[in-house]
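Beneath this line is the structure, given in structure tokens, with notes to follow.
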Amino acid sequence: MKKAANASPGMGVADHNNSTYLELQRKKVHRYVIFKIDEKKKEVVVEKTGGLVESYDDFTVSLPNLRLEATWGEVVDGGVEAKV
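Converting from the sequence shown to the numbering used here requires adding 117 to each position, the first position being numbered 1.
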């Protein structure tokens with residue numbers, strides 16, 4: 118897995134993340150994507166993708182229960198974006 122350059126020293130972003138993000142933004146393949154930091158690999162990874170039939174409520178349920186880990190997600194719903 119190749120790591121892309123980023124602004125955070127020592128933390129990589131897997132190539133798979135870039136393609137998943139583009140699928141969300143441009144191709145509208147996913148309703149949402151949740152990313153997290155994998156401390157062992159020292160990189161950002163996709164934790165979960167939501168199917169097109171899933172709702173914002175499904176997205177919020179999929180979020181971790183206030184873990185202390187760095188986690189974030191992005192939702193595209195009818196052209197409106199929400200970042201958590």
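For every residue, glycine included, the Cβ atom is placed at its ideal position computed from N, Cα and C.
As the structure is a computational prediction, the values presented were derived from the model and not from experiment.
Local conformation of lysine 145 per DSSP, three classes
coil
Quick test of the definition: if touching needs 3 or more C-beta pairs under 8 angstroms, does the stretch 162-182 touch the stretch 129-145?
yes
Given a cut-off of 9 angstroms on the beta-carbon distance, is the pair lysine 158 and glycine 127 in contact?
no
Just verifying my parser: in three-state terms, what is the DSSP assignment at glutamate 140?
helix
Distance between glutamine 142 and aspartate 175 (C-alpha atoms, nearest Å):
19 angstroms
Looking only at DSSP bridge pairs, what is valine 162 linked to?
Lys153
Exposed or buried, what is histidine 133 when buried is set at 16 or more other beta-carbons lying within 10 Å of its beta-carbon?
exposed
At the level of alpha carbons, what is the spacing between valine 146 and alanine 131?
19 angstroms
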